[in-house]
Every structure is written in C-alpha cells, then in structure tokens.
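K.L.:
Just passing along the structure, written as structure tokens.
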Amino acid sequence: MTSATLAGLVGAALVGLGLYGLIANPQPLRKILAFNLMGSGVFLVFGIVARKGAAAGLQADPVPQAMVITGIVVAFAASALAVALVLRLFEAAGQATLDPDAWAKPPDGGAGAE
Amino acid sequence: MSALAQQFGPALLVAALVAPLIVLAIFLMFGLRGPARAITPLAAAPALAAAAFAIGDAPLGAELPALRMSLWLDRPGGLLLLAAALVWLIVSVFALREGQGRPSADRFAISWLLTMAGSLGVFIAADLLTFYLVYALVSVPAYYLVAHDEEAASRRAGGVYMAFALIGEAVLLIAFVMLAAGEPSGSVQIREVVTASVASPWRDASLALIIIGFGMKIALVPLHGWMPLTYTAAPIPAAAVLSGAGVKAGVIGLIRFLPLSAAFPGWGEALVWVGFIGAFYGVAIGVTQRDPKTMLAYSSVSQMGVIAVAFGMALASADQGAATNVAFYAANHVLVKAALFLSVGAVAALDGRARTLALIVAALLGLSLAGLPLTGGALAKLAVKDQLGDGAVGVASQLSGAATTALMLVFVMRLARSPAAGRAGASRSRLWSWAALAVAALLIPWLMFRAVGSPAEALDPAKLWDTVWPMLIGAAVAAGVWAAGDRLPRIPVGDIVIAEEAAFRASLSLGPMFERADRALREWPAAGLALLMVALALAAAGYASR
Amino acid sequence: MTAGVSAIAATAGGGLLPLAILLPALGVLLSFLIGGRRSEWIALGLMPLELVVAVGIAYFVWRSGQPLVYTLAGYTPPLGIALRADGFSAVMLVTAGLIAPAAALYARANIATPQELTEKRAPLVFWTLLQGIQAALSLVFLGGDLFNLYVGLELLTFAAVPLVSLDGRPETVAAALRYLLFALFGSVFYLLGVALLYGAYGTLDIALLAPLIRPEPAVWLAAGLMTAGLLAKTALFPLHLWLPPAHANAPAAASAVLSGLVVKGSFFLVVRLWFDVLVGLPGVIPGTILATLGSAAILFGSVLALRQARLKLLIAYSTVAQIGYLFIMFPLGHGPWAADAFSGGVMQALSHAFAKAAMFLSAGLIAESVGHDRIAELGGAARVMPVTFLALGLGGLSLMGLPPSGGFAAKWLLMKASVEAGQWVWALVMAAGGLLAGGYLYRVLAPALSGESPQLKKAPARGRERVALVLALVALLLAFAPPSFFAFLQIGRPAAGLALQ
Chain F
15 MTSATLAGLV GAALVGLGLY GLIANPQPLR KILAFNLMGS GVFLVFGIVA RKGAAAGLQA
75 DPVPQAMVIT GIVVAFAASA LAVALVLRLF EAAGQATLDP DAWAKPPDGG AGAE
Chain V
27 MSALAQQFGP ALLVAALVAP LIVLAIFLMF GLRGPARAIT PLAAAPALAA AAFAIGDAPL
87 GAELPALRMS LWLDRPGGLL LLAAALVWLI VSVFALREGQ GRPSADRFAI SWLLTMAGSL
147 GVFIAADLLT FYLVYALVSV PAYYLVAHDE EAASRRAGGV YMAFALIGEA VLLIAFVMLA
207 AGEPSGSVQI REVVTASVAS PWRDASLALI IIGFGMKIAL VPLHGWMPLT YTAAPIPAAA
267 VLSGAGVKAG VIGLIRFLPL SAAFPGWGEA LVWVGFIGAF YGVAIGVTQR DPKTMLAYSS
327 VSQMGVIAVA FGMALASADQ GAATNVAFYA ANHVLVKAAL FLSVGAVAAL DGRARTLALI
387 VAALLGLSLA GLPLTGGALA KLAVKDQLGD GAVGVASQLS GAATTALMLV FVMRLARSPA
447 AGRAGASRSR LWSWAALAVA ALLIPWLMFR AVGSPAEALD PAKLWDTVWP MLIGAAVAAG
507 VWAAGDRLPR IPVGDIVIAE EAAFRASLSL GPMFERADRA LREWPAAGLA LLMVALALAA
567 AGYASR
Chain Y
11 MTAGVSAIAA TAGGGLLPLA ILLPALGVLL SFLIGGRRSE WIALGLMPLE LVVAVGIAYF
71 VWRSGQPLVY TLAGYTPPLG IALRADGFSA VMLVTAGLIA PAAALYARAN IATPQELTEK
131 RAPLVFWTLL QGIQAALSLV FLGGDLFNLY VGLELLTFAA VPLVSLDGRP ETVAAALRYL
191 LFALFGSVFY LLGVALLYGA YGTLDIALLA PLIRPEPAVW LAAGLMTAGL LAKTALFPLH
251 LWLPPAHANA PAAASAVLSG LVVKGSFFLV VRLWFDVLVG LPGVIPGTIL ATLGSAAILF
311 GSVLALRQAR LKLLIAYSTV AQIGYLFIMF PLGHGPWAAD AFSGGVMQAL SHAFAKAAMF
371 LSAGLIAESV GHDRIAELGG AARVMPVTFL ALGLGGLSLM GLPPSGGFAA KWLLMKASVE
431 AGQWVWALVM AAGGLLAGGY LYRVLAPALS GESPQLKKAP ARGRERVALV LALVALLLAF
491 APPSFFAFLQ IGRPAAGLAL Q
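Chains as they are written, first to last, in our numbering: chain F, 15 to 128; chain V, 27 to 572; chain Y, 11 to 511.
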C-alpha cells in the first residue's frame, strides 16, 4: 500500500473517530476536541489530494496546501471561540453542559436582560 | 353599451372595491371615527350604480395593471351585486352606531368595512389572484363580526367560523393553482382558466375542490355546521349582512368557476343529491330549534341546497344560461334573508299593533322564500324553473317549497312567542332600515326580473297553482309541528358541528406527541446521527438516480 | 465551455463587488481600533454606503443582463479567485442591506453604551459583529469559489454566534455554544466535500467546475456531505436543534438578523450548489429528499409553534417551519416549471426575511413594553400598542400566505410549479402549512385584540415601531413585484442545455 493510501485511511479513521466523539460525548470540551480531530482528518485528505493532483508538475499541488493552512486557521479560531464560550458558561453557571434541561426557563422571556 | 356606462363603468367598478377601504382609511388614519361611521352606507353606493349598469347594459370591465388586478361585472354578478350593495347600504345606516365608545365597537367597525370591501369585490373580481384576495377579505375579518364580545358563545362561534373559512380557503387555493396550471398561456383570468380547465389533466380534481371549497362557504350539508352557530351568535346587523351578502361569495364562486360550457353528468347529479339533502335537512333541523335566528340560519342551509340543485342540473346539461337564473334566485335570497334578520330585531323592539305589523311583514318575507305568489320569491322560483325542469327534480323542488313554508310558519310563530325587549332596544334608524329593507325585498325582485324573463309570466294562473299547493302542504306540516310543541327533540345548534369540534379536540392531543418527538430530536446524539444520515441519504440518492 | 469562459472574465461594474465585502470588513477593523461608543457611529455610518453599493450592483446586473464578475488581482480562475453577482445574489445583497440597518436603528435604543462608560462589552460586540455579518454575507452571496465560500460561511457563523449570547446569561451562552458546535459539525462536512471535489476535478471555481461535473461516486459523496453541512447551518428539520433557543433568547435586533439573514446565507449556498455547480446531474431524487425534509419542517415547526407559551419561541419555531418552504424548490429544478419554482423559492427567502425580521422586532417591543412575552398574558395588548401589533400581524399575513403579500406570491409560484410537475404533494403540504400558520397567529392575535386593558411598563418608541412596520410593509409590497423582477432573478441561471450533458 502506498503512503497516499495509508494517509487516506488514517484520514478517514480520524474523521470517523471525530464523528463518533462529536455525536456521542456529552461534554462540550470533548466535542471541541472531537471537532479538531475531524478537522485533522479532513486536512490529511487535503494532503493526499495535493499529492495526487500535482497539476503544475510539482511534487505536490500547492493549492490544497493553501487550503489546509486556511482551514487550520479557521479551526483554530473556531476552537478559541468555543473554548471561550465554555469558560464563560462554567463561570456563569458552575457547570458546562449543553443539556437543555439544565437551564431553568427565564422568568421574563429574556426581555429584562437586554 | 350606453355612453354613460362606457364612460363611468370602469371607474365605478374600481370605486365599488375601493370605497369601503377609503372609509376605513378615514376611520383609522385620520381618526375621524364619527364621520367615517356616518358615511359608511355611502361606501356601497358605487357598487349599486355599477350593478345597475351591468344588469341593464352590457358587462363592465376594468383593469388595474399596476396592481395586477382585473375587474369584470356581467349580468349574474350584477344581480347579486345589486342585492348585496343594497343590503350593505341599508344595514350600515344603523349597524355601526350602536355600542360606540366600547373598545369592541372599533374592532367591529374595522371588520365591517373590510368585510364590505371583500363582499362587494367578490362579485367583480375577474382574475384568480384578485378573487382570492377579496374572498379572503370577505371571510377572515368577519371573525370579529361574529365574536363581537367576550362571551364564550361568541368566541366558540367565531372559532368554528374561522376554522371553516380557513380550511375552505386552503382548499380553494389548491383548486386555483390547479386551474392556473391547466391554462397553457399562463393567464390567470377566471373565464380563460375555467374554459381551459375542461381540457386539462386536473379537471376532475379541481372541480371537486371547487365544489368542496365553495360548498363550505354556502353551507352545503355536511359542511354546514358553522352557519347556525355563527348567525345565532352574531348581532343582528352582522347576521343580516353575513347571511345576505357574505354567503353569496360562495354562490358567485360557483357561478364563475363551474365549467358550465361542458357537461358533467356525474358531478351534476352528485351536486343535485347533495343539494336536496341540504334542502330538506335544513328544514328538518330548523323546525326543532327554539331561537328564531337559528331557524333563519337553517333556512339558509335549506335555500343554499336548492341553489346547489340548480347548479347541479346546469352542470349536468352544460346549461350556460343558468348563471343568470341562479343569480336571480340568490339575489332574492340576499334581500329576503337580510330583511328577515332585521325583522327579528324589529319584532323584539316593538309592541302592540306595531309588533303585529312586524310579524305580518316577517311572515310575508318568510313565505316569499317559499314562493308566495306576487312576491320576489315566486319570481325566483320561476327563474330557476328552467333548470329544475318538470321531472323528479322539479317535483322534489316543489316539495322543498313545502318544507320551507313549514319552517317559515313555525319561525313566525316562535317569533311571535319571543319576548319583547321593548322600545329601549330600538333606535329610529334601526326601524327605518328594517322597513326600507322589507320593502326592497318585496319590490326590487320585480324590477330585476326583466333581466331574467317577463314579469307577465309571473302572473300566469297555472304557474301560480304550481307554487300554491306545496304551500298548503307546508302549512299543514307547520300546524303539526306547532301542535307537537315541546315534544320536538332538542337538537343543539349546529348539530354535527358538535362531532366536528370533538374530532378537533381529539386532534389536539397530537400536540404533546409532537413536542415529545421534538425533545427527542433535539438531543445532541439524535441530531448528530440525523446529520450523518442526511449526508448518506443524499449521497445514496444521487447514486441511485444515475 | 463558452459559458464558463465568459463567466470568468471580469466585467464592467465588477469593481463594486469587492467593495461590498470590504466596506463592512473595514467597519469591523475600525470598530476594534477605535472602539467604545464610536463603534455604533461607524456601523450606522457605513450601512447606508453598503446599501448604495448593493443597489449599484443590482443596477449593473440589471442593465447588462449578465452576471457581474470580478477577478481578484486580475488573476483568472483556475489560478485566481472570482467574485460573481447574478440576479439572486444582487437581490439578497439588497435585502441584507435593508434589514441590517433596520435592526441597527431598532437596536440603538437598548444596545447602546451608557453615558457614564467609554466602552461596554455588549454594545461593542453587537455593532462590530453586525458589520461582520454583513461582510460575511457579502462574501457568501458574491463568492465564486467553493473554498472562498467556506471561509465566508465560517465568518458568518463566528459573527452570528456571539450575538446569541450577548447578554451573558447561562441559557444564552449554552444556546450559543450549541449553535457553534453544531455549525462546526456542519463545516467539517462541507470542507470534506470540498476536498473530494478538488480531488476529483482540480478546480473549485463554480463556473469552471459546473461543466466538468459527472455523475460519479466522489461527486455524490461530496454533494451529500456539503449539503448536509449546509443544512445543519440552515437548521432544516431534523437538524433544527439549535435554532429555537438561540433565536428566542437573543436580543430582538439580533434575532431579526439571525432569522432573517444568517439562515438565508447557508440556504443561498445550498441553492448555489444544486442549481449552479451540480446542475448537470439528475437531481430529482436528492431534491425530493430535500423537499421531504422541508415538508416535515413545515408541519413539525408549525405544530410546535402552536404549542409554545412564549412569543419569541413561537416565532423561532415559525422560522423552523418557514425554512421548510425554501426547500420545496429543489425537486422542481428541471422542466418548463423550473423558472417558476426558482422564483418562488427566492421570493419565499425574501419575504420571509422581511416578515420574520418585522415579527422579531415587534416581539422585542412587546417584551420590553409589557415586561414579558408570555402569550397567555398578552390580553388586550394590541389596543395599547396598535402599530406594533399591526407590524406583527402584517408579517404574519406574509407567513400565512394570504394575499397580498410576498409570502402568497411565493406560495402561489411554488404550488403552481408542483402541480405542473405532477408532484402535487408539496402543494398539499404548503396549503396545510398556511392553515397551521393561521392557527398560531390566531393564538397570538386573538387574545391581544380582546377588550382588556393591560398596564404597560413603558410605551414603545414610535421610531422603533415604525421600523418594524416598514419591514412588514416591504414583505407585503413584494406581492406587487413586476414580471421584470422575476426575469431579473433568472439572470445568471445556467442554460437548460447544460442539464442534459
């Protein structure tokens, strides 16, 4: 098996693991980690695409590499935003859970705190 | 077409639709509530003029390209518009004066004006979209005419009314879409769409939906449950205009949308059966009622059944001339039924000799519906005789005349028994309006009859006997019913609507089921899995359709 | 290939396209640099300019009858990136250009920096991110490259999420976190799809990619992944878990923008994907799946809206239902009815944007004036706040699909296309949806119009009422769009011949 195929399988496995983590884990922090795992899997797939493409006759196609870099930045920003929200949630409520039953209904329909 | 009609016709048509809305704007935006109430009767005047032109002259037409509206008034529409505009005009004189200062009075006035605009407009709309708009105007705002106070009975009646109105509109929307789809050139003009529908693949579906949708409006049995509730709960002026002019939106709908250019024997026969069931069912339930207003509502159910029979016969034999005849019958009903409702109010407000006079007038009007010679009703029965023919249908319709006689006589007797509210309940204008409308109901049909046939025909003795013998039978039945008195069964107002309400309440129990499903779906694992499955389903679907 | 070549060369007037993206981005930068209460002035100052740019783009598209193209730095695809504005883009840009300032004007009263502070977190974030949303929407509507669109999509999500949790209460932060995580879930799927498409064809430019698409497994997988990811962001049933708490608990101006515009951004991309990129594929079965989900959304969302006790939650569930209508256009994309179906879908997007924004703004006014938004206790409120409830009612008219309103026009077009295509079940669903919408509107309006006299904590400001009313009136006026408007929407649609390759 070539290194490209191996990388492809690893990428698929990462996406699968991330998918499982994202669906099954209730804690937000773990979901963020799972998202990052999936992201890494997708970037690996991009890397393979770069290897395969080689449109300009180079060793590897530069366009997917650019896309991976952009993707990493976007994933980083996403994770930062998500972690900030988790921290704020923990500060405000003492627990970080997405379970909707954990939050009492606001008494005034959300109008008072605007 | 006379020069006058040519010059003013289009403007009158537009004014007929727009005048009530202008009065509404004066009411709302300029805050001139008193003057607006006072000029409300005038809002029906342009429609009256337009109708007079259309009956006497050639059809009127008008286009408003900027709003994508087209208007058209032919003779059948004109007959109905004349009667409706007259009713709106006369009843508006006193309808908005009462209860001023109460918060619900403003709501009532706004609904009154909107319903008037829709009611007058529905006879002149010429394209599908305009028709749907004015039909919505005549159906939806009338809610506050019915649920005019905070009483539980009014709210229940209003709720049932709205349910039927909205379901009817949804049914008609699908029918209209089918009609539009069947028109190859994309036109939405009603005449073109209906002509094209005969050849379209959706002909039967659209015809069924048209009959059901407009049938709900004219209270064809078994879709009639809302009418008794509504007319009992609504105040007298509202009941007068709704039963008079409002319901005829369904009649004009059938006139415009039934494809009378081609014969549909199956559908026609079905409509005849449904009509007769309604005609006799309405009377049967009506005689057991105790409230005069409810009895009038059931009488409307019965009369609409007769109209359905006429439509059915026309549909079965592709009789295009039926439109004018049925329109005349319905126009007579507009005037008479509105006058009858006002009579209920008048009888309640008068005493002594005046009350007796009012009862006699009420009796005349009621028997007019049954075809009393020399009244408009006799002319109406004559008008549709061509449609009903002389066979089984003709005899059955004569028997329905007997049934109507019975119902109306029992009605008058119950009215006589009903308590008098005393003069305190009657304003001058209310009594004068009633008098005017009663006179109109008895005389105007004679003026309109020239559009349908020759008045001399109405005085033919042979034809007179045809209407009199059913009335004698009816009188005998009425005597029997009256003698039975309280031994008659007590059927709740609206009869089968009770079952329909129960079914509705049962369907409400589905709500918590949906909520539980929503809770389950909004759990993260469920949603996550759903996302995955949507992706795979779409991918698989694409692969499968290669 | 001719269509492809002409769609990658820059056209006159194309210079406005990057301006539409850069102006709000500039606003974001300035807001961060200068900060404080001036962020509000920057936003309010730049929004009229953005509207002018949007109208200018629409004008140039209309005049030339062709899509506008702009190639960044003069490099043409496949090496460079192109921005494209067709009829649909232009109309959505103008819509965003109208609704965002309306929300901004509304929000001035209650999301303002107090006098005694130089800077406060919530107002600064609001004004900055409002511009961020506009920049992101411009990129989404104008982007011509699938990866560029990914960036725009992410930008949109990141700008929208903090608006949900603007007031910092735990419920709103949790709702924002749910929104973000589910949206990110969708993004990863989208990105994976993009990777597969690049791997198969070597280009991501829409105009170049469309003629190359063949029905192969990579394409189907990519289509499924990308669509599912976008559906997660559009909150189509059954992926709607984040929308009701997010839209109901955000401040009213933010809800208006979220329901009216943000959700339309990802919907726009689904249309781009299926009607522009994958136009060569037989898309009836996937389209039917989308329309089925849409029908489920209509019925489910409407029934749930009927059962809500809070006004803002009712309106949020109504959004879930109305999003369903948007997807009825997908199985109707091929055939003589395709133009009607496309126009109907676009009209639904537009009229829903305006009507829902009007309804959320009115609901915000009601909540502030009465002190709560519990429907059961709003008796008689319409008599003391007539203009507010008029805006609510007119918006509701469009939602119900009663004439004259844009919602009716949309419903008419979609129902007609469904009947003509023989797929009349969508027409039945839409008629039922209109009935149910009537039901939940009746639930709100009937008690409000009763004769009680409630006490108001404070009267609603006239200007804010008028903003909501104007938005509702626009939704109504859409009914009178002339036929040239529908012709305008068709500018840039690929020719039918491409569909048969």
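Quick reminder that beta carbons are idealized off the backbone N, C-alpha and C, glycines included. A quick note: this is a predicted structure, and the numbers were derived from the prediction, not measured.
Against chain Y, with Cβ distances strictly below 8 Å, would Gly44 of chain F count as a contact?
P.N.:
Contrary to the premise, residue 44 of chain F reads as Arg rather than Gly in this sequence. No, Arg44 of chain F does not count as interfacial toward chain Y.
K.L.:
Sort out for me which residues DSSP pairs Asp153 of chain V with in a bridge.
P.N.:
The partner list for Asp153 of chain V (beta bridge, DSSP) reads V:Gln215.
K.L.:
At 7 Å on the CB atoms, spell out the chain F contacts of Pro464 of chain Y, in chain order.
P.N.:
The premise fails here: Pro464 of chain Y is roughly 15 Å from chain F at the closest Cβ pair, so nothing lies under 7 Å.
K.L.:
Taking the continuous alpha helix (DSSP H) assigned at Leu555 of chain V, which residues delimit it?
P.N.:
Its alpha helix (DSSP H) spans residues Trp550 to Ala570.
K.L.:
Which complete alpha helix (DSSP H) runs does the segment 65 to 112 of chain V hold, if anything under 4 residues is left out?
P.N.:
Here the runs fully enclosed are 71 to 82.
K.L.:
Assuming the contact rule is C-beta atoms closer than 8 Å, Phe157 of chain V and Val164 of chain V should be a hit. Round their C-beta distance to whole Å, please.
P.N.:
Going by Cβ atoms, the distance from Phe157 of chain V to Val164 of chain V rounds to 11 Å, so no, they are not a contact pair.
K.L.:
Compute the Euclidean distance between the alpha carbons of Ala31 of chain V and Pro91 of chain V, then round it to the nearest angstrom.
P.N.:
Distance between the alpha carbons of Ala31 of chain V and Pro91 of chain V is about 21 Å.
K.L.:
Going by other Cβ atoms of all chains shown within 10 Å of its Cβ, with 16 needed for buried, is Leu30 of chain Y buried or exposed?
P.N.:
The sequence given here places Ala at residue 30 of chain Y; Leu does not occur at that position. It is buried - the Cβ of Ala30 of chain Y has at least 16 other Cβ atoms within 10 Å.
K.L.:
For Val24 of chain F and chain V, any beta-carbon pair shorter than 8 Å?
P.N.:
Not an interface residue.
K.L.:
Considering Cα atoms alone, identify which of Y:Ser305, Y:Leu324 and Y:Arg48 is closest to Thr128 of chain Y.
P.N.:
The option with the nearest alpha carbon to Thr128 of chain Y is Y:Arg48.
K.L.:
Per DSSP, which one or two residues make a beta bridge with Val79 of chain Y?
P.N.:
Answer is Y:Arg94, bridged to Val79 of chain Y.
K.L.:
Note down, in chain order, each residue of its chain lying with its Cβ closer than 6 Å to the Cβ of Thr256 of chain V, except the 5 sequence neighbours on either side.
P.N.:
Contacts found: Val172, Ala183 and Tyr187.
K.L.:
Return the first residue and the last residue of the alpha helix (DSSP H) that His382 of chain Y is part of.
P.N.:
Where His382 of chain Y is concerned, there is no enclosing alpha helix (DSSP H), given that its DSSP letter is neither H nor E.
K.L.:
What residue range does the alpha helix (DSSP H) around Phe340 of chain Y cover?
P.N.:
Where Phe340 of chain Y is concerned, there is no enclosing alpha helix (DSSP H), given that its DSSP letter is neither H nor E.
K.L.:
In chain order, what residues of the segment 85 to 100 of chain F put their CB closer than 7 Å to some CB of chain Y?
P.N.:
Correct list: Gly85, Val88, Ala91, Ala92, Leu95, Ala96, Leu99 and Val100.
K.L.:
Output the boundary residues of the alpha helix (DSSP H) element that contains Tyr450 of chain Y.
P.N.:
Start and end: Val435 to Ala458.
K.L.:
Just verifying my parser: in three-state terms, what is the DSSP assignment at Gly24 of chain Y?
P.N.:
In this structure, Gly24 of chain Y counts as coil in the three-state DSSP scheme.
K.L.:
Tell me the DSSP secondary structure of Asp132 of chain V in three-state form.
P.N.:
In this structure, Asp132 of chain V counts as helix in the three-state DSSP scheme.
K.L.:
How about Lys426 of chain Y: is its C-beta nearer than 8 Å to some C-beta of chain V?
P.N.:
Yes, Lys426 of chain Y lies at the interface with chain V (some Cβ there is under 8 Å from its Cβ).
K.L.:
If you check the beta carbons only, do Gly60 of chain V and Arg317 of chain Y fall under 8 Å apart?
P.N.:
No.
K.L.:
Assuming Ile376 of chain Y contacts Arg453 of chain Y under a Cβ cut-off of 8 Å, what Cβ separation, rounded to an integer in Å, is found between them?
P.N.:
Ile376 of chain Y to Arg453 of chain Y, Cβ: 14 Å. No contact.
K.L.:
How would you write the range of the alpha helix (DSSP H) that Thr320 of chain V sits in, first residue to last?
P.N.:
Segment Pro318 to Ser343, the alpha helix (DSSP H) holding Thr320 of chain V.
K.L.:
Once the 5 residues before and after Leu361 of chain V are set aside, which same chain residues still bring their CB inside 8 Å of it?
P.N.:
Result list for Leu361 of chain V: Ala109, Leu112, Val113, Gly270, Gly402, Leu463, Ala466, Ala467, Ile470 and Pro471, in chain order.
K.L.:
Mark Leu163 of chain Y as exposed unless 16 or more other C-beta atoms lie within 10 angstroms of its C-beta, in which case mark it buried.
P.N.:
It is buried - the Cβ of Leu163 of chain Y has at least 16 other Cβ atoms within 10 Å.
K.L.:
Tell me which residues share the same chain as Ala289 of chain V and place their Cβ nearer than 8 Å to its Cβ, disregarding the 5 neighbours each side in the sequence.
P.N.:
Cβ neighbours of Ala289 of chain V beyond the five flanking positions: Leu341, Ala342, Ser343 and Ala344.
K.L.:
Kindly indicate which residue of V:Ala259, V:Phe240 and V:Pro248 has the alpha-carbon position closest to the one of Tyr170 of chain V.
P.N.:
Minimum Cα distance to Tyr170 of chain V is reached at V:Ala259.
K.L.:
Can you tell me the Cα-Cα spacing of Asp350 of chain Y and Gly381 of chain Y, whole angstroms?
P.N.:
Cα-Cα distance, rounded: 44 Å.
K.L.:
Quick one: what's got a C-beta closer than 7 Å to Met57 of chain Y's C-beta in the same chain, skipping five residues either side?
P.N.:
Result list for Met57 of chain Y: Ala110, Pro111 and Ala114, in chain order.
K.L.:
So, is the C-beta of Leu361 of chain V closer than 8 Å to a C-beta in chain F?
P.N.:
Chain F contact via Cβ: absent.
K.L.:
How far does the alpha helix (DSSP H) with Gln318 of chain Y in it extend, from its first residue to its last?
P.N.:
Careful: Gln318 of chain Y lies outside any alpha helix (DSSP H) and carries neither H nor E.
K.L.:
Looking at the structure shown, is Asp486 of chain V part of a helix, part of a strand, or coil, going by DSSP?
P.N.:
Residue state, collapsed to three classes: coil.
K.L.:
Please compile the residues from chain F whose C-beta is within a distance smaller than 8 Å of the C-beta of Gly184 of chain V.
P.N.:
Simply none; closest approach about 28 Å.
K.L.:
Is it the case that the CB of Leu127 of chain Y approaches a heavy atom of the ligand FAD more closely than 7 Å?
P.N.:
With respect to the ligand FAD, the structure shown offers nothing to examine, as it has no ligands at all.
K.L.:
Distance check for Gly417 of chain Y and Pro362 of chain Y, CA to CA, integer angstroms please.
P.N.:
Note that residue 362 of chain Y corresponds to His in the displayed sequence, not to Pro. Their Cα atoms are separated by approximately 7 Å.
K.L.:
Any beta-carbon of chain Y closer than 8 Å to the one on Ala143 of chain V?
P.N.:
For Ala143 of chain V, the answer is no, since every Cβ of chain Y falls outside 8 Å of its Cβ.
K.L.:
Comparing alpha-carbon positions, which option in Y:Gly448, Y:Ala245 and Y:Val394 lies nearest Ala556 of chain V?
P.N.:
Answer by Cα proximity: Y:Ala245.
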